[in-house]
Amino acid sequence: MPDLTIRNLTATALELKLVERLDGTPTLQRSPACAPKGDSRDRCELSVPLGRFETHGTDVQAPEPGREVVRLTFGFDGHRYQVDVPGESRRSLVMKKLDDGPHEYTVVYVTNGACVSIYSSTHLSSWMKELRDEWPLTALSIPGTHNSPTSHVALPSVRCQAVGIREQLDNGVRFFDVRVQVNSDDSKSDLILVHSAFPISLTGTKYFHDLLDDVYAFLEANPSETLIMSIKREGTGKGTDQQLSKHLHQRYAAPDNDKWWTEPRIPRLGEARGRIVLFRRHANDASLDAAHGGRGYGLDCAAWPDNCEDATTGGPGVARVQDFYEIDASHNIAKKTELVRAHLERAAELVRPPNPAPDDEHKPFFVNFLSASNFFNANCWPEKIAAKLNPATIEYMALRHGEAGKGPNGLAVGDGCTGIVATDWVGLGGDWDLIRCIVGWNARLQLKEWTLSVNAFVAVHSEPETQSRRERWRCL
């Protein structure tokens, strides 16, 4: 068996203190999942420091799949935390507190790489609360969903999600891909939710205003959060993009102006909290060109690159997109998997400062769609693709994301951001591991905040006592 590798993907330094080996009882067929059986038969105390966002090889042999469990005990500031790998299911593991430790940790164990990846646990309903107002939204690692409202009873090729909008929001999703049908007389009627030419439900028409009610209620309960909403015109209606833009403005955004961010620039987190950021995949009516001092209306992604592996939209600084979706056979999923990994690597390479200068504001969103399908091949419908691609993405994030030279193109690592990752079929059976892995990478920003504060403290402490020094102290 190979030796374990441990990745501390948190903003706290840890120490591996104790390793125990136990016999295990398999809990799932064709899976390494095990339940510990009896007392430990081997015990080794040690001291292995694990710095923040550091990866360490060990000489601890990985557990034998289906037969053995390794129990790891970690220390932080005098407190101890414990986890058994593998767990009793395929899901992520929550470290057990052995005392009143202040932190929560989640572990993803990848059997293929004998890797234990440790993430900071967070309240998924309000994960943005932990980040500073000054970060541009492009600096964040943001989980999203593709064809977000399609959780209803529908054709298998149409349904892309396991759960509804509110449950997605409560579990950390912050990018929503919404497709609406527009009729030429829609000045007073509501927009219908669709997927391509099809309704998203076989049990009755679903409307955009109901989706917004869920979003507004969530933001009222969680004012620290924001979400990005991509809106595109689809369906069989005869309306135009221009009619859609006027309808969105007049019926939805203008009456609830405090709930929408419609400026044509990427906001900082503090500016967007409590709001929907409009990411439009439709052209605007000319009447909206004068909005915001003549700068326009919404983030312009109307010229969306079709079936692309890596392309830009919206001019400089809006979005760089991976949206390759035409899968003609199930084996092409391997190509899609590599494209997803390559785009994650590109997103991780950039460095994005808080309070960016104008030049830095042109660093775009990296939008990475995990979705793909083939209407004519049941093996390539959204649920089947997600069953392969979602676990592969979790494995990549746990093993290689944020490691210099370990991505498909061997790129360096900047902030380690994942960008926007738009998924299918998350939350199935309560499985939010992929969302947790994406959100977990925001701890890299918290570490950067800590470093910036320390540097500011050192700079202030070395200056003479002046008014400017006292002012800077107040900011720390």
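Residue numbers for the sequence shown follow numbering that gives the first Met the number 0, beginning at 0 and rising by one.
Just so you know, even glycine gets a beta-carbon here, dropped at the ideal spot from N, CA and C.
Excluding five sequence positions before and after SER30, the CB atoms of its chain that fall closer than 7 Å to its own CB belong to ARG89, given in chain order. Rounded to whole angstroms, the gap between the alpha carbons of LEU247 and ASP299 is 14 Å. Excluding residues up to 5 positions away in sequence, PRO31, PRO64, PRO85 lie with their Cβ nearer than 7 Å to the Cβ of THR110 in the same chain. The beta carbons of ALA113 and ALA61 sit closer together than 8 Å. ILE326 sits away from ARG279, with the two beta carbons spaced by 8 Å or more.
8 Å or more divides the Cβ of THR137 from the Cβ of TYR118. Annotation for LYS387: no beta strand (DSSP E) segment contains it, though the alpha helix (DSSP H) segment containing it runs 381-398. A residue is called buried once 16 or more other Cβ atoms fall within 10 Å of its Cβ, and SER46, having fewer, is exposed. Three or more beta-carbon pairs drawn from the segment 4-17 and the segment 41-56 are found closer than 8 Å, and the two stretches are therefore classed as touching. VAL162 and ARG435 have their C-alpha atoms roughly 16 Å apart. Apart from the 5 residues on each side of it in sequence, GLU308 sits with its Cβ closer than 7 Å to the Cβ of GLN321, PHE323, LEU338 in its chain, given in chain order.
Distance from the CA of PRO381 to the CA of GLY292, rounded to the nearest whole angstrom, comes to 42 Å. DSSP lists no beta-bridge partner residue for MET94. With contacts defined as CB atoms closer than 8 Å, ARG131 and PRO355 fail to qualify as a contacting pair. Rounded to the nearest whole angstrom, the CA to CA distance from GLU19 to LYS96 is 17 Å. Annotated three-state conformation of ILE434 is helix, per DSSP. Classified as buried, GLY297 has 16 or more neighbouring CB atoms from the shown chains inside 10 Å of its CB.
Fully contained in the segment 130-190 are the following beta strand (DSSP E) runs of length 3 or more, in chain order: 141-144, 174-180.
In the displayed model, PHE374 falls within coil according to three-state DSSP, outside both helix and strand.
In this structure, DSSP gives TRP303 a state outside helix and strand, which the three-state scheme calls coil. By the CB criterion at 8 Å, GLY234 and GLN160 fall outside the cutoff. Taken through DSSP and simplified to helix, strand or coil, MET228 comes out as strand. Cα atoms of GLN242 and LEU190: separation of roughly 11 Å, rounded to the nearest angstrom. Beta bridge pairing from DSSP links VAL425 with no other residue.
Distance from the CA atom of ILE227 to the CA atom of GLY77, rounded to whole angstroms, is 41 Å. When DSSP assignments are scanned along the segment 54-97, the uninterrupted stretches of beta strand (DSSP E) that are 3 or more residues long and fall wholly within it turn out to be 67-75, 78-84. Per DSSP, the beta-bridge partners of TRP260 are VAL276.
Around LYS237, the same chain offers ASN182, SER183 as residues with beta carbons nearer than 7 Å, after the five sequence neighbours per side are excluded. Sixteen is the threshold: since fewer than 16 other Cβ atoms of the shown chains lie within 10 Å of the Cβ of PHE374, the residue is exposed.
Each of ARG399, ASP414, ILE393 was checked against the Cα of GLU348, and the nearest Cα belongs to ASP414. For HIS151 and GLU53, the gap between their C-alpha atoms comes out near 42 Å.
Rounded to whole angstroms, the gap between the alpha carbons of THR312 and TRP303 is 6 Å. As a beta-bridge residue in DSSP terms, SER116 pairs with ARG6, VAL107. Note on THR121: 16 or more other CB atoms within 10 angstroms of its CB, so buried under the neighbour-count rule.
In this structure SER116 is in contact with ARG6, their Cβ atoms being roughly 4 Å apart against a cut-off of 8 Å.
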